[in-house]
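Trainee: To start, I am sharing the structure in question, which I have written as structure tokens.
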Ligand code: GLN
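In the numbering used here, the protein residues as written are 69 to 377.
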């Protein structure tokens with residue numbers, strides 16, 4: 069018997085109950101959220117949206133912003149210029165590790181913090197001032213979402229007050245001349261990017277834009293050129309889930325990115341954009357119930373990239 073998509077999603081939420089782990093305590097402000105929130109959204113190629121659970125909850129995008137900033141930097145500077153400064157190899161290490169190529173100091177990939185901080189500095193041309201660069205990132209991520217995203221100033225301030233490790237990473241890449249601007253400016257912009265507020269619908273639209281050749285399925289705006297999306301989705305598939313990337317690719321098989329506020333975004337090329345939200349995190353810093361929901365959806369709907377139709 070066929071059930072409406074939203075009813076099916078509701079049923080999945082009701083069955084993904086094992087909520088191990090705890091909410092992020094690295095950013096003090098994030099520890100204050102209601103840990104029981106749970107939501108899923110699915111956007112298909114024509115922009116039709118299906119949701120279930122707390123779909124109106126807002127949370128900070130955190131590391132889910134990384135593939136989008138990477139897309140903007142690729143669109144602005146080209147693949148070659150990016151590859152000179154940020155690699156595309158999975159690090160197999162946690163997201164905040166010092167994963168730099170021996171000799172050059174080039175970060176392994178743009179999905180880990182050191183690579184994302186570097187990527188942030190490559191958005192726009194070299195002459196952009198700090199404020200203009202953030203405006204370009206803000207406008208770009210908003211175009212992916214199809215609406216103007218706000219910054220959570222409390223989360224931003226909270227993360228800046230404990231950003232010692234990200235500052236250290238930025239100083240390291242500055243010492244290798246991988247970034248050329250002031251490390252503090254790079255981290256401030258990157259942390260502000262991570263503090264943009266989204267809901268699961270935004271994640272689903274952003275994912276479908278990447279999965280749909282760079283064209284936002286709701287607004288019709290071509291946000292980045294098509295070849296950029298292929299590269300971004302490839303890096304998400306190999307590095308988006310950090311040191312759990314292999315488990316994720318074998319079990320779920322959808323290019324994805326997680327964030328420590330509890331969001332997960334998945335983009336199945338040409339097909340569907342998915343977003344989940346549940347704040348308790350597993351040991352890799354990804355939402356526990358989000359991972360389960362993705363496993364379930366991928367199995368039920370045959371979404372694994374490597375399974376033939
Ligand atoms: N803003 C967080 C950080 O830089 C993002 C980490 C994440 O979501 N995995 O540490």
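Where a beta carbon is used, it is the ideal one built from N, C-alpha and C, also for glycine. On a predicted model such as this, the values are computed, not experimentally measured, just so you know.
Measuring only the C-alpha atoms, how far is residue 250 from residue 242?
Mentor: 8 Å
Trainee: So does residue 332 have its beta carbon nearer than 7 Å to some heavy atom of the ligand GLN?
Mentor: no
Trainee: With DSSP collapsed to three states, give me the class of residue 344.
Mentor: strand
Trainee: Tell me where the alpha helix (DSSP H) around residue 312 begins and ends.
Mentor: Careful: residue 312 lies outside any alpha helix (DSSP H) and carries neither H nor E.
Trainee: Measure the alpha-carbon distance for residue 204 versus residue 198 and round it to whole angstroms.
Mentor: If you take the alpha carbons of residue 204 and residue 198, they lie about 10 Å apart.
Trainee: With DSSP as the reference, identify every bridge partner of residue 174, one or two as the case may be.
Mentor: DSSP output for residue 174 lists no bridge partner at all.
Trainee: According to DSSP, is residue 292 part of a helix, a strand, or is it coil?
Mentor: coil
Trainee: Need the endpoints of the beta strand (DSSP E) that residue 117 sits in, please.
Mentor: 117-121
Trainee: On the premise that residue 263 lies in contact with residue 128, defined as a C-beta separation below 8 Å, what is that separation, rounded to the nearest angstrom?
Mentor: 5 Å
Trainee: Hey, residue 266 and residue 217 are a contact pair by Cβ (cut 8 Å); roughly how many whole angstroms apart?
Mentor: 6 Å
Trainee: Tell me whether the stretch 99-109 and the stretch 343-356 touch, counting them as touching only if at least three CB pairs, one residue from each stretch, are closer than 8 Å.
Mentor: yes
Trainee: Can you list, in chain order, the stretches of the alpha helix (DSSP H) that have 4 or more residues and sit fully within the stretch 89-176?
Mentor: 134-145 and 147-153
Trainee: Please state if the CB of residue 296 and the CB of residue 139 are separated by a distance shorter than 8 Å.
Mentor: yes
Trainee: Have a look at the DSSP bridge pairing and note the partners of residue 332.
Mentor: Paired residues: 326 and 344.
Trainee: Leaving out five residues before and five after residue 456 in sequence, what residues of the same chain have Cβ atoms less than 8 Å from its Cβ?
Mentor: Limits of the chain in this structure are 69 at one end and 377 at the other, which puts residue 456 out of reach.
Trainee: Report the CB separation of residue 190 from residue 153 in whole angstroms; it is logged as a contact under 8 Å.
Mentor: Under the criterion of beta carbons closer than 8 Å, residue 190 and residue 153 qualify as touching, at roughly 6 Å.
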